[in-house]
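S.K.:
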Amino acid sequence: MRFTARAEAAFRRRGGRITRARRALLQAIERSSRPLGPRELQERLASEGVRMDRVSVYRNLGALLDLGLLHRVLGSSAVRPCAEDERPPRCHHAIVCTGCGSAQEFHSRALERALAEVRRATRYQVQGHLLELRGLCERCRP
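Residue 152 in the numbering used here is what sits at position 116 of the sequence shown, and the numbering runs on without skipping anything.
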């Protein structure tokens, strides 16, 4: 299911309305090949003739983060959609291009097994994790 459809369904389950501006925000997030910050999202909306103040952008992004539909890029205010809607939410891993900013989510059973070994060795009850790899994508490599 597409991000926009998942997000609209999640907002409706919470009793939220799907306004023209909210739908445009969701579509801008879905269409982007790279994570976007609140300012960039607001500028994209404005260029499409959609008015949404920055507070509303932040409020919508916060709700999407709470719903487990977005992830924040580490060290940034930029967000990227989760690849899938899972209940309960899984821990997510991403690789982000330092050249163009594109991001791709990935899941690795081998990595999950290694993290399980860390939990056993440290005896921590891990409640979640986020792993973000950075490098150059195929298009940006010389």
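C-beta atoms are modelled at their ideal positions from N, C-alpha and C, and glycine is treated no differently. Predicted, not measured: the structure shown is a model, and the values here were computed from it.
1. Using only alpha-carbon positions, find the residue among L81, C176, R87 that is nearest to S138.
2. Looking only at DSSP bridge pairs, what is F142 linked to?
3. Give a yes or no on contact between the segment 79-92 and the segment 50-68, applying the rule of three or more CB pairs nearer than 8 Å.
4. Secondary structure at E84, three-state DSSP: helix, strand or coil?
5. How is V154 classed by DSSP in three states: helix, strand or coil?
6. Under 8 Å, with one C-beta from each stretch per pair, do the segment 92-112 and the segment 153-165 reach the 3-pair mark?
7. Which residue wins for smallest C-alpha separation from L72, given the options G135, Q140, V115?
8. With a cut-off of 8 Å on the beta carbons, I'd call H129 and L167 a contact; round off their distance for me.
9. With a CB to CB cut of under 6 Å and the five nearest residues on each side skipped, what residues in its chain are close to Q163?
10. Between which residues of its own chain and P124 is the CB-CB distance below 6 Å, once the five residues before and five after are set aside?
M.R.: Here's the rundown:
1. Looking at L81, C176, R87, the one whose alpha-carbon comes closest to that of S138 is C176.
2. F142 has H129 as its beta-bridge partners, per DSSP.
3. Verdict: yes, contact present.
4. In the displayed model, E84 falls within coil according to three-state DSSP, outside both helix and strand.
5. If DSSP states are grouped into helix, strand and coil, V154 belongs with the helices.
6. The answer is no - the segment 153-165 does not touch the segment 92-112, with fewer than three Cβ pairs under 8 Å.
7. Nearest to L72 by C-alpha distance, out of G135, Q140, V115, is V115.
8. By a beta-carbon distance limit of 8 Å, H129 contacts L167. Their separation comes to about 4 Å.
9. Cβ neighbours of Q163 beyond the five flanking positions: none.
10. Unreliable placement is indicated for P124, whose pLDDT of 44 sits below 50; no coordinate value is reported for it.
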